[in-house]
Every structure is written in structure tokens, then in C-alpha cells.
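Taken in sequence, the protein lines are chains Y and G.
The first sequence begins at 1 in the working numbering and counts up by one.
The second sequence begins at 1001 in the working numbering and counts up by one.
Beneath this line is the structure, given in C-alpha cells, with notes to follow.
There are 2 protein chains.
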Amino acid sequence: MRMLFHFWLHPFSRKVRMALTEKNLSFDLTIEKTWERRTEFLAMNPAGDLPLLVEKNGTILSNSQVICEYLDEVYPEINLIGHDPVQRAETRRLVNWFDRKFNKEVTENLVDEKLMKAILNLGEPHGPSVRAGRANIHYHLDYIGFLIERRQWLAGDTFSLADISAAAQLSAVDYVGDVPWEQHHVAHQWYEKIKARTGYDFLVEERVPDFNPAVNHIQTVS
Amino acid sequence: MRMLFHFWLHPFSRKVRMALTEKNLSFDLTIEKTWERRTEFLAMNPAGDLPLLVEKNGTILSNSQVICEYLDEVYPEINLIGHDPVQRAETRRLVNWFDRKFNKEVTENLVDEKLMKAILNLGEPHGPSVRAGRANIHYHLDYIGFLIERRQWLAGDTFSLADISAAAQLSAVDYVGDVPWEQHHVAHQWYEKIKARTGYDFLVEERVPDFNPAVNHIQTVS
């Protein structure tokens, strides 16, 4: 069976998990604690990070975008990047926006500070970082709203890897309770549509041991 | 004419410049000072970063990897990523290694501290960052050596975007004099082969106004 090495809430692992789900590709999951730097894991991925996908034929793939490009090339029936080069560039531009810009400006400041520090016993969240993350997220939710008022999905009129990358980041921030959905209705409606897609229950239902989701995370389920 | 917005020494701008050169695609260059946040530039690239490529037909492309994927799709005669999905994944894995890991662990600590701080009048380089960058670079040069002892080029037996990404980062660090080539002969030989390719003179010859290259940068020219 295809195996995805991942970690709870990790947005880049979720991105690949969503892409596999969207393409109807079955897979098993293994939790990898990358800070333990297991020799067997480092042999598969010298960069030592997640996610890592091992295909049925033994092909080893690391880095969420590398994996998603591979999946779109090998399993093209359900296309997630686009058909012509300009559309593909627009999808990839937005994937990069959420993978890099949103991740750095929002997710690292909120999820890494509140959740990963707790898991790794690294002390309390850094106040200025949390405040920065909470301030920065509005700009990104506004940008989602701006795009969705002009298009059906983020990169155009079909669901794509751009929606997946954005939702993967937001779902992790939502778990720690820091997405001000009530102030961003268009973005909220877009996110509700994604959560409703087949197989995406884990975005809401996955639980981190000894770290409960914020109350408003659970509310958004209803 | 095709226009590339770039900045002196900026490794991601250099990456696209090398890819265009490799594909024999002509282009003009414009220096963009992104910190000035020009309205016209932000309208073309809301992320506000470099590089930005405007194609002859007006297509606007941002993010170095998005641009390079586009160029490989639209101008496939000279292929820079690879022909089969596994090879393409390996090229992209290494591109990501140098674009993200090397950039964060080495380039930001050395080029941003020494050069960009001087250009932006932000004070002296942060000593611990410079020391970290100088310590980290050995591991990356060792990895280049490890790969080149097994393959002709970084991602396999043909020159690829992986070589371009790595050389783009290293060329910027080389300008500030912090590549310990003398301790890494295999990596040095690989880099000399890249510098000798047609059209890559700018890797050594480009000069930043009011910021001379380190003496050992000039020595590696001969």
C-alpha cells in the first residue's frame, strides 16, 4: 500500500493527503516525529522533513509540491494544476502564496507557537509572534475573498491545488482557534465548500493527543 | 521584448536568468527595488517579490519556480526538469533543497546580512547569523560533492534546474566571499563547469554599486 508519512495538523502533510483524496488514490498513514531524526527516515529523505510519500512500487517522494506535481503527472485523470501553461502558472503562484507567504506570516506564528511548542515542551507561545499571526491573517482572508468574488475557486473556475494549499494551512490555524471567520464571510463560505468535499472529514475531525482544538474550531463543524 | 525584473545578486532572479539563458530565450533586465513597493509592480505581483517575468505577449509570471515550470512547458526544446515523472521529482526535490533549505540556512545568513543590510542601511551584519551561515555551508557543499561523485550533474546525468538553483545561491554567497571552495574540491569543480557555460558570465561579472565583491570571488574567475 502507498504510505504517507505525516504529522497531526501539519499543513504540508494535509496538502498531500487532500491531493491523494481528491485523486481517489488510497494510502496508509504513519506519524513521523521528525525531531527524533530516525536513521531510516533520513535515508529516505535527507532533508528530514514532512511529508514523505512511498509509492506502491517503492518510489520515494518528499516535499509537498514535488509530491503533488508527481501525482498530477502520473495520475492525470483528475487534474489539480490546470491544463494550459498560463492556468498552471496561476495555480502554482497561489500554491506558493499559501505554502510560503501564508505559512511564514500566519501558520508559523500561530500553529508552531501554540501547538508545536506544547508538543515539544518548548515553553509558552511567543506573544509578539502570536499577535503578528493574528494581524497578518486578515490580509490573507481578504485576498481569498478578493479572488472568490471573481472566480469560483482560488485559481479559476475549477477546484485546484491552490484551494488545497490554502485550506491545508487554514485548517491548522483553525484548530488553534485563530481564524476570524466571522469577519470574512466570503472566505468562510469558500472554506465550508472545501470541508464538505468527499473524504475531507479529517480536516475537522483529526485530533492531536493532549491538545484539544479551540472551541470555535468545533463550532465551525455544525 | 521579454522583460525580467530582478535585483543584483538576488539568487532567485539569477535562477530565472540562467534558465532563460540556457533555453536561448532573449530578454531585457530591469532592476526592481521591491522595498519601495511601487504600485505598478504590486499590480503585476501582489506578493511584491522578485523575480517577475513579463512575456512578449504580456503574460505576467512571478516566483522563480513558477516561472521555470512555465518556461519548461512553453519552450520544451531544451528541457531543464527531466522527461519522466521520477526524474522530474528528483530535479524538483533538489531545486527545493537549494531554493529553501540552502537559502534559509546559508544565503539569508550571509548575503542578506552582509549585502542587503548595507544596501538598505540597516546596520552591521548580525554576527551569530554570519557564523551560522559559514558553519552551515559545509554541509551543503558536502552534499553537492556526494551527489557529483555519483552523477554527472546534481539531479542526474544531464544539466538541470537543480544545478541552476544551486549555482544561483552559491554565486551570491561567493560574491560576499563566504564559499570555502578550497575545502570542497568536487563542489568547486562542478561550479567551475557551470560558470564556463555560454552566457553565464554575469554570475561572476555582475557588480553591485558601492559594494565590491570579496577578493576570493575575483580569484575564482581565473
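Heads up, the beta-carbon is just placed ideally off N, CA and C, and yes, glycines get one too.
Query                                                                                                                                                                                                    : Result
With a threshold of 7 angstroms on Cβ separation, who are the neighbours of residue 1153/G within its own chain once the five nearest residues in sequence on each side are excluded?                    : 1159, 1160, 1163
Measuring only between beta-carbons, confirm whether residue 125/Y sits less than 8 angstroms from chain G.                                                                                              : no
With H, G and I counted as helix, E and B as strand and the rest as coil, what does DSSP make of residue 1156/G?                                                                                         : strand
I'd like the list of long-range same chain contacts for residue 1211/G, defined as Cβ closer than 8 angstroms, with 5 residues on each side in sequence excluded.                                        : 1115, 1118, 1119
Per DSSP, residue 1148/G forms a beta bridge with which residues?                                                                                                                                        : The partner list for residue 1148/G (beta bridge, DSSP) is empty, contrary to what the question assumes.
Using three-state DSSP, classify residue 129/Y as helix, strand or coil.                                                                                                                                 : helix
Going along chain Y, which residues have a C-beta under 9 angstroms from residue 1149/G?                                                                                                                 : Ordered by position in chain Y, no residue passes the 9 angstroms Cβ test against residue 1149/G, which lies about 15 angstroms from the chain.
From 1066/G, 1071/G, 1187/G, pick the residue whose C-alpha is nearest to that of residue 1096/G; which is it?                                                                                           : 1066/G
Less than 8 angstroms between C-beta atoms, sequence neighbours within five positions excluded: which residues of the same chain meet that for residue 28/Y?                                             : 1, 2, 3, 4
Return the CA-CA distance between residue 151/Y and residue 1216/G, expressed in angstroms with no decimal places.                                                                                       : 53 angstroms
Can you find the residues in the same chain that come closer than 8 angstroms, C-beta to C-beta, to residue 198/Y, ignoring five residues on each side of it along the sequence?                         : 21
When DSSP labels each residue in this structure, what does residue 179/Y get in the three-state scheme?                                                                                                  : coil
Out of curiosity, what's the CA-to-CA distance linking residue 1171/G and residue 23/Y?                                                                                                                  : 40 angstroms
By a C-beta neighbour count over all protein chains shown, 10 Å radius and 16 as the cutoff for buried, is residue 230/Y buried or exposed?                                                              : Any answer about residue 230/Y is impossible in this case: the structure gives chain Y only from 1 up to 222.
Residue 85/Y versus chain G: which residues are under 8 angstroms apart at the beta carbon?                                                                                                              : 1070, 1073, 1074
Out of curiosity, what's the CA-to-CA distance linking residue 77/Y and residue 26/Y?                                                                                                                    : 15 angstroms
Could you round the C-beta distance between residue 155/Y and residue 107/Y to whole angstroms and report it? I think they count as a contact, below 8 angstroms.                                        : Actually they do not touch by this definition, with Cβ atoms about 20 angstroms apart.
Can residue 168/Y and residue 11/Y be called in contact, C-beta distance under 8 angstroms?                                                                                                              : yes
I'd like the span of the beta strand (DSSP E) that includes residue 1006/G, first residue to last.                                                                                                       : 1003-1006
Answer yes or no: does any C-beta atom of chain Y fall closer than 8 angstroms to that of residue 1042/G?                                                                                                : no
Leaving aside the five residues before and after residue 1174/G along the sequence, list all residues of the same chain whose C-beta is less than 6 angstroms from its C-beta, in chain order.           : 1217
Do residue 1099/G and residue 1165/G come within 8 angstroms of each other at the CB atom, strictly closer than that value?                                                                              : yes
On the DSSP letters alone, give me the boundaries of the alpha helix (DSSP H) that residue 1067/G sits inside.                                                                                           : 1064-1074
Taking all protein chains shown into account, do 16 or more other C-beta atoms lie within 10 angstroms of the C-beta of residue 1201/G, making it buried, or fewer, making it exposed?                   : exposed
Output yes if chain Y places a C-beta closer than 8 angstroms to the C-beta of residue 1013/G; else output no.                                                                                           : no
Express the C-alpha separation of residue 83/Y and residue 1075/G in angstroms, rounding to a whole number.                                                                                              : 16 angstroms
Closer than 8 angstroms, CB to CB, is residue 1061/G near chain Y or not?                                                                                                                                : yes
In three-state DSSP terms, what is residue 1221/G?                                                                                                                                                       : Confidence in residue 1221/G is poor, its pLDDT being 45 and thus under 50, which makes the residue's placement unreliable; the coordinate value appears in the next sentence. Reduced to three states, the DSSP call for residue 1221/G is coil.
In three-state DSSP terms, what is residue 1210/G?                                                                                                                                                       : coil
Determine the DSSP secondary structure at residue 29/Y, reduced to helix, strand or coil.                                                                                                                : strand
Three or more beta-carbon pairs under 8 angstroms between the segment 137-152 of chain Y and the segment 178-194 of chain Y, yes or no?                                                                  : yes
Kindly indicate the opening and closing residues of the beta strand (DSSP E) around residue 1054/G.                                                                                                      : 1052-1054
Is it the case that the segment 1057-1072 of chain G contacts the segment 1127-1134 of chain G, given that we only count it when at least three CB pairs across the two stretches are under 8 angstroms? : no
Would you kindly work out how many angstroms separate the C-alpha atoms of residue 85/Y and residue 1060/G, rounded to a whole number?                                                                   : 12 angstroms
Any C-beta of chain G sitting closer than 8 angstroms to the C-beta of residue 104/Y?                                                                                                                    : no
Report buried or exposed for residue 194/Y, applying the criterion of at least 16 other Cβ atoms within 10 angstroms of its Cβ.                                                                          : buried
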